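Chains as they are written, first to last, in our numbering: chain A, 1 to 254; chain B, 1 to 254. For glycine and all other residues, C-beta sits at the position ideal for the given N, C-alpha and C. Remember, predicted model here, so these are calculated numbers, not experimental data.
2 protein chains.
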Amino acid sequence: MSDRDLSFRPLHGLPEVRAGDDLAPLVLAALGRAGLTLADGDVIAITQKIVSKSEGRIRHLAAVTPSAQALELAAITRKDPRLVELILAESHAVVRTRPDTIIVEHRLGLVLANAGIDRSNVEGGEDVVLLLPKDPDASARRLRAAFEAAAGVRLGVLITDSVGRAWRRGTVGIALGTAGVTPFEDLRGRRDRHGRALQVSEIAPADSLAAAAVLVMGEAAEATPVVLIRGAAGGGSDVPATAVLRPRAGDLFR
Amino acid sequence: MSDRDLSFRPLHGLPEVRAGDDLAPLVLAALGRAGLTLADGDVIAITQKIVSKSEGRIRHLAAVTPSAQALELAAITRKDPRLVELILAESHAVVRTRPDTIIVEHRLGLVLANAGIDRSNVEGGEDVVLLLPKDPDASARRLRAAFEAAAGVRLGVLITDSVGRAWRRGTVGIALGTAGVTPFEDLRGRRDRHGRALQVSEIAPADSLAAAAVLVMGEAAEATPVVLIRGAAGGGSDVPATAVLRPRAGDLFR
Chain A
1 MSDRDLSFRP
11 LHGLPEVRAG
21 DDLAPLVLAA
31 LGRAGLTLAD
41 GDVIAITQKI
51 VSKSEGRIRH
61 LAAVTPSAQA
71 LELAAITRKD
81 PRLVELILAE
91 SHAVVRTRPD
101 TIIVEHRLGL
111 VLANAGIDRS
121 NVEGGEDVVL
131 LLPKDPDASA
141 RRLRAAFEAA
151 AGVRLGVLIT
161 DSVGRAWRRG
171 TVGIALGTAG
181 VTPFEDLRGR
191 RDRHGRALQV
201 SEIAPADSLA
211 AAAVLVMGEA
221 AEATPVVLIR
231 GAAGGGSDVP
241 ATAVLRPRAG
251 DLFR
Chain B
1 MSDRDLSFRP
11 LHGLPEVRAG
21 DDLAPLVLAA
31 LGRAGLTLAD
41 GDVIAITQKI
51 VSKSEGRIRH
61 LAAVTPSAQA
71 LELAAITRKD
81 PRLVELILAE
91 SHAVVRTRPD
101 TIIVEHRLGL
111 VLANAGIDRS
121 NVEGGEDVVL
131 LLPKDPDASA
141 RRLRAAFEAA
151 AGVRLGVLIT
161 DSVGRAWRRG
171 TVGIALGTAG
181 VTPFEDLRGR
191 RDRHGRALQV
201 SEIAPADSLA
211 AAAVLVMGEA
221 AEATPVVLIR
231 GAAGGGSDVP
241 ATAVLRPRAG
251 DLFR
């Protein structure tokens, strides 16, 4: 990683993505318009929002009937009971609640607020929300295969999301789905420059890349949903992003 | 952020840093050898390890006498009681313990393992450990002033550390000290591309930059302690990295 620049280039001009759209040709067209040719080792970071949209993960609150549990939790958290119903349906367990916040263990295993359900950058008004992709690692693998077939190179795909942290304000990007990008790496056995065994034994490369990629994507009107990452040695074997989830047995903060 | 590349370049060839060394000339010399000229908006990311070393934050375990509390906690966690003594002395409170792990609220306010005390990449054998810098934000401001005076440009300085996360494996880089780099940004009031108010209201730019910078620095023998970040709009006002710490009243996981 340390012999060349690591760079993040936002891709502009993608059209609004709708259910059923094939994302890979849209991204390849945007790359072409930007004069970029995919190369071995590239990583294409894509926000989960457009993956979810393409997979039809939009829900209309008007079509949701809240359960008794959702009504109860909505009263505590002052949230729309129909949104709470969707949050519960997407989750294994509620981890913490307070007014305006429901932190859950998502069905994918992530601990995050509101089950990752998003209302920003979704067409259709306040009634429309977006769930996370059904299986982000599978989506990443599909996209990787499509990009590699089109470009004839080995590369990685990183599907990003933004999450809060327990003790720090502000969200940061994380790897929600990965193909050809390393979610975590065990450095045990490696030595430092003085020959001592490393203390930091595991790092999280995909999350570290996602943090900068999501910063480059931005959040507001000028947001760009795709970032081309160069210098990150993408294109290795497929390890799912879920591999970075801390096993419940090692969780001190549940 | 989204109109140009964001890039991270590792700086090689810094000498081993010792107590009393003036870091700014060492970094400027390495930049010169790499043929790089500092420009407006640059951000210089520096690992806390070399800042700490230059500030004489090395401690010899042989000189530490553990307290009764340190002996007790060392028995529970199976750690060196003298190291535990240093961890306690650097901390406001112990947050969680288990064998091999002590998670504390550091005196700087961060929640992290072992008070950030490090044994990797420190000269002198197993007896020598490294504390975090005394005041990383002040160190960042001093370095910023030195770099700006030498280069005649406006730039930012980011002092990085690596920390674990509550629910995800592997460490990621964070901003331990900042000058001219935004620790967090409140986007409330901004609108998405469909004119709806943004849901993600706070982002953490300095942490997001630190994540990729630390990935580029690496952890092992070939580690580079300084990374030049371009495209991140450094050089604004000085907001301390401590601004990103979640206030205790909003902490659901203590």
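Residues, ordered as in the chain, of the segment 167-182 of chain B that lie near chain A by beta-carbon distance below 8 angstroms
W167, R168, R169, G170, T171, V172, G173 and I174
Say whether the segment 168-188 of chain B touches the segment 240-250 of chain B, bearing in mind that this needs 3 or more beta-carbon pairs closer than 8 angstroms, one atom from each stretch. With the cut-off at 8 angstroms, the segment 168-188 of chain B and the segment 240-250 of chain B touch.
Neighbourhood of A/L130 by C-beta distance below 8 angstroms, restricted to the same chain and skipping five residues each side: K49, S52, K53, R57, I58, R59, I117, D118, R119 and V122
- prompt: Under a Cβ-count criterion, where at least 16 other Cβ atoms within 10 Å of its own Cβ denotes burial, should A/P99 be classed as buried or exposed?
  reply: exposed
| request: Run through the segment 115-174 of chain B for me and flag every whole alpha helix (DSSP H) of 4 or more residues, listed as ranges in chain order. | output: 136-151
For this session: Starting from the C-beta of A/S2, find all residues in its chain whose C-beta is less than 6 angstroms away, skip the five residues before and the five after it, and write them out in chain order.
Result: The predicted position of A/S2 is uncertain, since its pLDDT is 40 and thus under 50; a value taken from the coordinates is nonetheless stated next. No residues qualify anywhere along the chain.
**Study point:** Counted within 10 angstroms of its Cβ, other Cβ atoms place A/R9 as buried (16 or more) or exposed
**Key:** buried
Practice task
Grab the span of the alpha helix (DSSP H) containing A/P10 for me, first residue to last.
Solution key: Where A/P10 is concerned, there is no enclosing alpha helix (DSSP H), although the beta strand (DSSP E) it sits in stretches over L6 to L11.
Going by the CB atoms, is the gap between B/G156 and B/G180 shorter than 8 angstroms? yes
task: Under 7 angstroms Cβ to Cβ from A/A149, same chain only, skipping five residues before and after it: list those, please.
output: none
With a threshold of 8 angstroms, are at least 3 pairs of Cβ atoms found where one atom belongs to the segment 136-149 of chain B and the other to the segment 73-93 of chain B? no
Practice problem: Have a look at B/V95 and B/A62 and give me their C-alpha separation to the nearest angstrom. | Solution: 27 angstroms
(Q) What residue range does the beta strand (DSSP E) around B/S208 cover? (A) Taken as a continuous stretch (DSSP letters only), B/S208 belongs to no beta strand (DSSP E), being part of the alpha helix (DSSP H) at P205 to M217.
Hey, could you find the ends of the beta strand (DSSP E) B/S201 is sitting in? Premise fails: B/S201 is in no beta strand (DSSP E) and is neither H nor E.
(Q) Is there a C-beta anywhere in chain B that falls below 8 angstroms from the one on A/M1? (A) Because the pLDDT at A/M1 is just 41, under 50, the model does not fix this residue reliably, and the point stays unresolved.
Looking only at its own chain, which residues have a Cβ that is under 7 angstroms from the Cβ of A/T47, when we skip the five neighbours before and after it?
T160, M217 and P225
For A/T171 and A/G236, believed in contact at Cβ under 8 angstroms, the rounded distance = A/G236 to A/T171, Cβ: 28 angstroms. No contact.
- request: Measure the alpha-carbon distance for A/I102 versus B/L31 and round it to whole angstroms.
  value: In this structure, the alpha-carbon of A/I102 lies about 47 angstroms from that of B/L31.
A/R248 classed as buried or exposed, judged by whether at least 16 other C-beta atoms fall within 10 angstroms:
exposed
Excluding sequence positions up to five away, which residues of its chain have a Cβ less than 6 angstroms from the Cβ of B/S162?
T171, G173 and V214
Under three-state DSSP, which class holds A/L73?
helix
- Item | Per-residue burial, B/L210 [other beta carbons within 10 Å of its own, 16 or more giving buried] | Before going further, note that residue 210 of chain B is Ala rather than Leu in the sequence given. Taking a 10 Å sphere around the C-beta of B/A210, we find 16 or more other C-beta atoms and assign the residue as buried.
Quiz item: If you draw a straight line from the alpha carbon of A/A197 to that of B/E16, how long is it in whole angstroms?
Solution: Spanning the two alpha carbons is a distance of roughly 18 angstroms.
| Where do the ends of the alpha helix (DSSP H) carrying B/V244 lie? | Counting along the chain, B/V244 falls outside any alpha helix (DSSP H), and DSSP gives it neither H nor E.
Note to self: Among B/D192, B/A19, B/L14 and B/R230, whose alpha-carbon lies nearest the alpha-carbon of B/P133?
What the structure shows: Nearest C-alpha to B/P133: B/A19.
- Query: Per DSSP, what kind of secondary structure is B/V27 in: helix, strand or coil?
  - Reply: helix
*B/R82 (DSSP reduced to helix, strand or coil)*: The answer is helix: DSSP assigns B/R82 an H, G or I state.
*Run through DSSP, which three-state label would A/A233 get?*
coil
A/V244: contacting residues in chain B (beta-carbon distance under 8 angstroms):
R168, R169 and G170
Quick check: the Cα distance between B/A115 and A/G164, rounded to an integer number of angstroms? 22 angstroms
Q) Going by DSSP, which residues form a beta bridge with A/H60? A) Answer by DSSP bridge pairing, in chain order: A/V128.
Next item on the list: Can you check DSSP and say which residues form a bridge with B/G177?
Entry: B/I159
Discussion item. Can you list, in chain order, the residues of its chain with a C-beta nearer than 7 angstroms to that of A/L38? Leave out the 5 residues immediately preceding and following it.
Written reply: L31, F147, A151, V153 and L155
Exercise. Can you list the residues of chain A that B/A204 reaches, using a CB-CB cut of under 9 angstroms?
Worked result: R165, R168, R169, G170, T171, V172, A211 and L215
Cβ of B/V84 within 8 angstroms of Cβ of B/A93?
no
Review point. Does the beta-carbon distance from A/F253 to A/A113 come in below 8 angstroms?
Key: no
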